[in-house]
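Undergrad: Here it is, the structure, as structure tokens.
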Amino acid sequence: MTVLAAASPDATAAFIEIGAVALGLAVLARVAGRLGVTTIPFYLLAGLAIGEGGIAPLDVSAEFISLVGEIGVLLLLLTLGLEYTTDELRLGLRTGLVPGVTDALSNFTPGFVAGLLLGWDVNAAVLLGGVCWITSSGIVAKVLSDLDRLSNRETPAILNLLVLEDLAMAVYLPTAAALVTGRDVGETVTTVGIALAAVFVILMGAMRFGARLSALLAPGTDEALLLSVFGLTLLVGGLAQQLEVSAAIGAFLVGLALSGPVQKRAGAVVEPLRDLFAAVFFLFFSFQIKPADLLGALAPAAALAVVALAGKLLTGWVAAGRAGVGPAGRWRTGTALMARGEFSIVIASLGATLDDGTELGALAAAFVLLTAIGGPLATRYLAPPPWSVPAGR
Amino acid sequence: MPEVSETPLPGVGVRHEFTTVQGERVAVLTHRTGRREIAVYDRQDPDACTTVLHLSHDDTRTLAELLGASPVSEAVAAVQQRLEGLAIDWVAVPSGSRLVGLTIAEGEFRTRTGASIVAVVRGHMTLPAPGPDHRFEGGDVAVAVGTPEGLAQLRDLLVS
Numbered sequence: 000m001t002v003l004a005a006a007s008p009d010a011t012a013a014f015i016e017i018g019a020v021a022l023g024l025a026v027l028a029r030v031a032g033r034l035g036v037t038t039i040p041f042y043l044l045a046g047l048a049i050g051e052g053g054i055a056p057l058d059v060s061a062e063f064i065s066l067v068g069e070i071g072v073l074l075l076l077l078t079l080g081l082e083y084t085t086d087e088l089r090l091g092l093r094t095g096l097v098p099g100v101t102d103a104l105s106n107f108t109p110g111f112v113a114g115l116l117l118g119w120d121v122n123a124a125v126l127l128g129g130v131c132w133i134t135s136s137g138i139v140a141k142v143l144s145d146l147d148r149l150s151n152r153e154t155p156a157i158l159n160l161l162v163l164e165d166l167a168m169a170v171y172l173p174t175a176a177a178l179v180t181g182r183d184v185g186e187t188v189t190t191v192g193i194a195l196a197a198v199f200v201i202l203m204g205a206m207r208f209g210a211r212l213s214a215l216l217a218p219g220t221d222e223a224l225l226l227s228v229f230g231l232t233l234l235v236g237g238l239a240q241q242l243e244v245s246a247a248i249g250a251f252l253v254g255l256a257l258s259g260p261v262q263k264r265a266g267a268v269v270e271p272l273r274d275l276f277a278a279v280f281f282l283f284f285s286f287q288i289k290p291a292d293l294l295g296a297l298a299p300a301a302a303l304a305v306v307a308l309a310g311k312l313l314t315g316w317v318a319a320g321r322a323g324v325g326p327a328g329r330w331r332t333g334t335a336l337m338a339r340g341e342f343s344i345v346i347a348s349l350g351a352t353l354d355d356g357t358e359l360g361a362l363a364a365a366f367v368l369l370t371a372i373g374g375p376l377a378t379r380y381l382a383p384p385p386w387s388v389p390a391g392r
Numbered sequence: 000m001p002e003v004s005e006t007p008l009p010g011v012g013v014r015h016e017f018t019t020v021q022g023e024r025v026a027v028l029t030h031r032t033g034r035r036e037i038a039v040y041d042r043q044d045p046d047a048c049t050t051v052l053h054l055s056h057d058d059t060r061t062l063a064e065l066l067g068a069s070p071v072s073e074a075v076a077a078v079q080q081r082l083e084g085l086a087i088d089w090v091a092v093p094s095g096s097r098l099v100g101l102t103i104a105e106g107e108f109r110t111r112t113g114a115s116i117v118a119v120v121r122g123h124m125t126l127p128a129p130g131p132d133h134r135f136e137g138g139d140v141a142v143a144v145g146t147p148e149g150l151a152q153l154r155d156l157l158v159s
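Residue numbers (numbering that gives the first Met the number 0), protein chains in the order written: chain H, 0 to 392; chain F, 0 to 159.
As structure tokens, then:
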């Protein structure tokens, strides 16, 4: 009863708004599930609708939503770190260097160049490179499973690329975050140096003490595990932020450090929480974008999406070719890698404070809308050109 | 037996594949969750599958039974993870065993086999680290750690 009595008029209004928004998202999630597509584009569109200049602008609770959204980023990165075992990461590094480098060169470069062509400063262009580079592992895993392609011969090549992009994120994210905060060249070099050193130290710690940490967390109930993992993620994320390394990377490293049965259990208990917080993050990201800006960004985003598809086709061709896969499978690898999603948005959100941040946000949102919807369609329907598949096979 | 190749699938599980005598390529994909898929490859495009069969845990057992494999021995083989000469094994104590009613201390298992009983599974309950005064009932499953030889001796003792 005290809670009821204590609920201020502000809180009451917030409850109603947040409740209505959550229910709206639930409807969208159902529609997305029915259509068999990812929820991210739907959440982005919902954010536009309730943002400034949208159809139903929301006034209170923006601060609350922003904080919840930032926790969403941490949980997204935590689950990314939880996704692969240390052995899988090692295997990926051992076998995937050439495909990984091809991936980085042929997908980061177009975004970076596009940023410069748009007249942005170098930092914003670096972020756009990242937006263009990283395939959405969530979308790809779901599409491959839906299309019954998990057993296909090219699939290990695709999954290994996703592992490599994960590892690349461990270096790219803190570097980009440091670039954004640095002011002059000297200061930038220092912050990037500190960021990378901190990542290295935390990573070594995670590798060395990961097993002990996992053993420490293993006994106890799921409730205790959820609270420990959630607390640890926020704590390490916050400390990493203090060192000017991005909080997201701290969360990612917490995920990496957990191994064995604890890794699996933690993934299962955190997943619903992540879905909730991440939905708010996508919502808040596009909440800050003016619908007019997004419409303006559609044309460059479409051009970038075409170049990005070509980049992933090249990556897929190289990666699957090295695994001894035939032309049709090499083509399928490229089309499967097309979808960008959660991490492109995470990267773009780093640049919110930049001069070109507004434009970057709008372009990234438009780009993700196009590729997250178009990617799975390309995976399903984009047939290899006849010349690439020898006749009579 | 044909050669079976193993491919790890990061974030998904592991895939085993082989070629049948007739020349068809078949793969079994084991998800991390234990769910399985059986895939038959396309003859035109050897990298793609023509048929994929989705099996739950129960379906796998049923299929294994129909194919004539013993799901029990398969399950044991799966959990017998070797770690530098050390193995862990699950041994069921049949209700007819001479050891039913005896305690772990009275059985002198460690002295006789070198293997330690680290847990006992009884119905839906797991007793971790049972004391020396734990008394066996028929149907208990002892979880033991030891050398493969020690575990074989322990199995003989418990089952006799």
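Built from N, CA and C at the ideal position, the CB exists for glycine as well.
Quantities reported herein were computed from a predicted structural model and do not represent experimental measurements.
Kindly list the residues whose CB is nearer than 7 Å to the CB of F:A104, restricted to its own chain and excluding five residues on each side of it in sequence; keep chain order.
TA: Around F:A104: P131 and D132.
Undergrad: Give the DSSP-derived three-state secondary structure of H:I133 in the structure shown.
TA: DSSP places H:I133 in coil when its eight states are reduced to three.
Undergrad: Would you call the region 286 to 296 of chain H and the region 312 to 328 of chain H in contact, with 3 or more CB pairs under 8 Å?
TA: No: fewer than three Cβ pairs fall under 8 Å.
Undergrad: Can you pull the DSSP bridge partners for F:I116?
TA: In DSSP, F:I116 forms a bridge with F:A143.
Undergrad: So H:L336 is in the beta strand (DSSP E); what residue range does that whole segment cover?
TA: Looking at the DSSP string, H:L336 is not in any beta strand (DSSP E), and its letter there is neither H nor E.
Undergrad: For H:S144 and H:G32, what's the separation of their Cα atoms in angstroms?
TA: Between H:S144 and H:G32, the C-alpha separation is close to 14 Å.
Undergrad: Any beta-carbon of chain H closer than 8 Å to the one on F:A26?
TA: Yes, its Cβ sits closer than 8 Å to a Cβ of chain H.
Undergrad: Does H:L77 pass the burial test, meaning 16 or more other C-beta atoms within 10 Å, or should it be called exposed?
TA: Buried, since its Cβ has 16 or more Cβ neighbours within 10 Å.
Undergrad: Chain H partners of F:G10, CB-CB under 8 Å?
TA: Ordered by position in chain H, the residues that pass the 8 Å Cβ test against F:G10 are E82, Y83, E87, S136, A140, L158, L161 and V162.
Undergrad: In or out: F:V122 buried (at least 16 other Cβ within 10 Å) or exposed?
TA: The sequence given here places Gly at residue 122 of chain F; Val does not occur at that position. F:G122 is exposed by the Cβ-count criterion.
Undergrad: Using a Cβ-Cβ cut-off of 8 Å, state whether H:N122 counts as contacting chain F.
TA: No, no contact with chain F.
Undergrad: Taking DSSP as the reference, what is the three-state secondary structure of H:I344?
TA: Reduced to three states, the DSSP call for H:I344 is helix.
Undergrad: Check each candidate in H:R264, H:S258 and H:T334 and name the one with the smallest Cα separation from H:D86.
TA: Out of H:R264, H:S258 and H:T334, H:S258 has the C-alpha closest to the C-alpha of H:D86.
Undergrad: Label H:A239 either buried or exposed according to how many other C-beta atoms from any shown protein chain fall within 10 Å of its C-beta, with 16 as the threshold for buried.
TA: Buried, because 16 or more other Cβ atoms sit within 10 Å of the Cβ of H:A239.
Undergrad: Please go through the same chain and pick out, in chain order, the residues whose beta-carbon is closer than 6 Å to the beta-carbon of H:G356, but skip the five residues on each side of it.
TA: Here the set comprises G350.
Undergrad: I'd like to know if F:E2 contacts chain H, where contact means its C-beta is closer than 8 Å to some C-beta of that chain.
TA: No, its Cβ sits nowhere closer than 8 Å to a Cβ of chain H.
Undergrad: Are the Cβ atoms of F:V92 and F:F135 separated by less than 8 Å?
TA: Cβ distance < 8 Å, so F:V92 and F:F135 count as in contact.
Undergrad: Which value, in whole angstroms, describes the spacing of the CA atoms of H:R264 and H:D221?
TA: Rounded to the nearest angstrom, the two C-alpha atoms are 8 Å apart.
Undergrad: My output table needs one value for H:F283: the three-state DSSP class, helix, strand or coil.
TA: Reduced to three states, the DSSP call for H:F283 is helix.
Undergrad: If we ignore side chains and look at the alpha-carbon of each, how far apart do F:L156 and H:K141 end up?
TA: Their Cα atoms are separated by approximately 49 Å.
Undergrad: List the residues of chain H whose Cβ lies closer than 7 Å to the Cβ of F:E107, in chain order.
TA: Here the premise fails: no neighbours, minimum Cβ distance about 30 Å.
Undergrad: Looking only at its chain, what residues have a beta carbon closer than 8 Å to the beta carbon of F:R34, apart from the 5 residues adjacent to it on each side?
TA: Excluding positions up to five away in sequence, the list reads H53, L54, S55 and H56.
Undergrad: Report the partner residues of H:L117 according to the DSSP bridge assignment.
TA: In DSSP, H:L117 forms no bridge with anything.
Undergrad: Does the beta carbon of H:P155 come closer than 8 Å to any beta carbon on chain F?
TA: Cβ-Cβ to chain F under 8 Å: yes for H:P155.
Undergrad: Counting only the same chain and skipping the five closest in sequence on each side, list residues whose C-beta sits under 6 Å from that of H:W119.
TA: Excluding residues within five positions, the ones whose Cβ falls inside 6 Å are D355.
Undergrad: Do F:I37 and F:G20 have their beta-carbon atoms positioned less than 8 Å apart in this structure?
TA: Before going further, note that residue 20 of chain F is Val rather than Gly in the sequence given. For F:V20 and F:I37, no; Cβs fall outside 8 Å.
Undergrad: Any beta carbon from chain H within less than 8 Å of F:V51's own beta carbon?
TA: Yes, contact with chain H.
Undergrad: Return helix, strand or coil for H:G391, following the three-state DSSP convention.
TA: At H:G391 the pLDDT is 42, less than 50, meaning the model places this residue with poor confidence and gives no usable figure here.
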